[in-house]
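I have placed the structure first, in the form of structure tokens, so that the comments after it can refer back to it.
In structure tokens:
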């Protein structure tokens, strides 16, 4: 196809000028023939000398995910899978509270509109073919706008586990074979689950490394051996489903078996979420993008009583085929489904940035209920492009692109309550891609969600990446790190302010993570959308710069238009640069539906804590701690037994922080064993209370 508006999503992914067929290892198909270079101004220059080049690494030391083909799936055994214990998400998906319009940033925005997104979950990393959950790259992108995301999917092709390091390093090397199935980065799955979102892996076809019929082998009892293993993979690694990127024609018999496989997967795991791309038709197996929902692709869903998949990601040419998505919504209703639950209109941000061809904001906005839900494609591309140009390799550069990220999600002013474009959209689209003034912001179409239905709530502005790490205001590591999984559950709004108050994420200082929040001026900062039933008083502690004046604001369900303000008193014995400010929210039967701060002054916020009054017990030390070197060098692995009172674990070599995890295992590469051979693990409770360390020494 020659028109970019008619080509598939695959033609839009460009890394160094290569189309998705090359980047993800896909076989070339007619749909890929229109692949071109990056948009004007994007990746126009080589990465500066001395700057890490995204995708230039091979296999990272230690745990990393990889691709799976049918033979790999059938051989799957948790006991023998390389580093399997390190690649699991053990956190259940948090339950989100019910919508409550009065405390929405836009009270007249329809909460039924959902958002799914496909994101490169290691944007900026030197490792592309194999994916790390925990690394030492402070320039890697991490997601912090989870309140707007219902379904997050990995868009990251991964090579098979059998591909050697020298081949992984070279994207053009023969034998750099990709798997059909990718599990999502387990750290991103952890972050999604903390915020109540689903995390789904990827199914990418075509691939040249396996025969399609290998997926479709069926037993005499009707079961699918590959289906059993796909479910086992999902349940062991802790993710939630798959995005089905089936983008090459197959036979009618094959597509029939494929949908039998989907039904089989859902029969043995009803919570297995499947999102199907609007590409191969379910009745014929022919690749034919519909760019709407209609009688030809809706059978992908099955019927309301016999589901095959959960939702459909509509290809990008819907503004031409079904401009208002009204025909699609009507077709979905006629088939017996909820349009906002099963229909997701694709918006192509990888080439479009802030100026995509598709404008979902015209269809879903405050006072305008959207006909369908929305699906974003590679919304993080701006960060990857900046990494290629060497622009996110220092704190100042990252701050600039975090500001752009804020404008993408919260709108051009950075305040979700003031979202909406500042100037009209003008063609040609997919040009001037960083012009945020013509972008409404995700918050203009999608209501913020919240997992804050119970206490404690503890937030230290941890976004899962940093150039250093602090604990209790003391620097414990000056080394860069990335681990999306240990990011705090997100603030509900970034940043909903009232008055004359400037707010920004700050990498230059931290109290209990790698970032803090800088504040300046006088005004209100809304923090958390909640549904808290109090049986006791709530103890409030905000650790902040000692020169600030702080009050905590409580909004209650019966009076959502009124905020109760209570002063926070600074600890007189505290010293610069951090001081605790404390207060109490009295017990009340009326539910707390929002928590806010009133701020005056200039300084930083380091940690927010809300917990029930009374003692908060420290978790017991871990048991069974063992440490060993691996690979014949100085790479170190620690393992232990999880404790019921702990939700996270800090790992140290002496006083040096090596990292944090939610799992029962941790890997640290290239440890300087001359500096010490004694290691410790400190458990941390949900309330942020630290337990006693357990120690182990290398022989």
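Numbering (mature numbering (1 follows the signal peptide of the UniProt record, and there is no 0)), first residue to last: -34 to -1, 1 to 665. For glycine and all other residues, C-beta sits at the position ideal for the given N, C-alpha and C.
As assigned by DSSP and simplified to three states, the class of residue i
| i | result |
| --- | --- |
| residue 152 | helix |
| residue 234 | helix |
| residue 425 | strand |
| residue 637 | coil |
| residue 474 | coil |
| residue 287 | helix |
| residue 526 | strand |
| residue 645 | strand |
| residue 666 | Limits of the chain in this structure are -34 at one end and 665 at the other, which puts residue 666 out of reach. |
| residue 211 | strand |
| residue 495 | strand |
| residue 201 | helix |
| residue 54 | coil |
| residue 129 | coil |
| residue 661 | strand |
| residue 310 | strand |
| residue 347 | helix |
| residue 617 | strand |
C-alpha distance - residue i paired with residue j, whole-angstrom precision
| i | j | result |
| --- | --- | --- |
| residue 372 | residue 460 | 7 Å |
| residue 503 | residue 549 | 10 Å |
| residue 102 | residue 620 | 19 Å |
| residue 474 | residue 160 | 26 Å |
| residue 19 | residue 97 | 15 Å |
| residue 123 | residue 210 | 13 Å |
| residue 348 | residue 587 | 43 Å |
| residue 481 | residue 426 | 8 Å |
| residue 126 | residue 35 | 8 Å |
| residue 181 | residue 204 | 22 Å |
| residue 507 | residue 563 | 12 Å |
| residue 551 | residue 525 | 16 Å |
| residue 558 | residue 494 | 10 Å |
| residue 665 | residue 28 | 21 Å |
| residue 438 | residue 417 | 25 Å |
| residue 369 | residue 380 | 8 Å |
| residue 335 | residue 276 | 22 Å |
| residue 237 | residue 263 | 23 Å |
| residue 467 | residue 434 | 27 Å |
Residue i Cβ short of 7 Å to the ligand ZN heavy atom set
| i | result |
| --- | --- |
| residue 508 | Only the bare structure without any ligand can be found here, which leaves the ligand ZN out of the picture. |
Residue i, buried or exposed, once every other Cβ within 10 Å from all chains shown has been counted against 16
| i | result |
| --- | --- |
| residue 542 | exposed |
| residue 187 | exposed |
| residue 405 | buried |
| residue 390 | exposed |
| residue 112 | buried |
| residue 218 | exposed |
| residue 300 | exposed |
| residue 533 | exposed |
| residue 496 | buried |
| residue 162 | buried |
| residue 570 | buried |
| residue 91 | buried |
| residue 129 | buried |
| residue 640 | exposed |
| residue 302 | exposed |
| residue 321 | buried |
Cβ-Cβ distance between residue i and residue j below 8 Å
| i | j | result |
| --- | --- | --- |
| residue 23 | residue 114 | no |
| residue 623 | residue 442 | yes |
| residue 561 | residue 602 | no |
| residue 411 | residue 79 | yes |
| residue 117 | residue 239 | yes |
| residue 245 | residue 212 | yes |
| residue 232 | residue 273 | yes |
| residue 282 | residue 324 | yes |
| residue 338 | residue 305 | yes |
| residue 636 | residue 600 | yes |
| residue 448 | residue 106 | yes |
| residue 15 | residue 353 | no |
| residue 413 | residue 68 | no |
| residue 402 | residue 378 | yes |
| residue 230 | residue 189 | yes |
Do the region 463 to 479 and the region 599 to 617 touch if we need at least three Cβ pairs shorter than 8 Å? no
Within the chosen definition, does the region 511 to 523 reach the region 132 to 146 through at least 3 CB pairs nearer than 8 Å? The region 511 to 523 makes no contact with the region 132 to 146, as fewer than three CB pairs between them are under 8 Å.
Closer than 8 Å is the cut-off here; do at least three beta carbon pairs connect the region 296 to 314 with the region 332 to 350? yes
Pairs of beta-carbons, one from the region 590 to 607 and one from the region 642 to 649, closer than 8 Å: are there three or more? yes
For the structure I just gave you, are there three or more beta carbon pairs, one from the region 188 to 203 and one from the region 32 to 48, closer than 8 Å? yes
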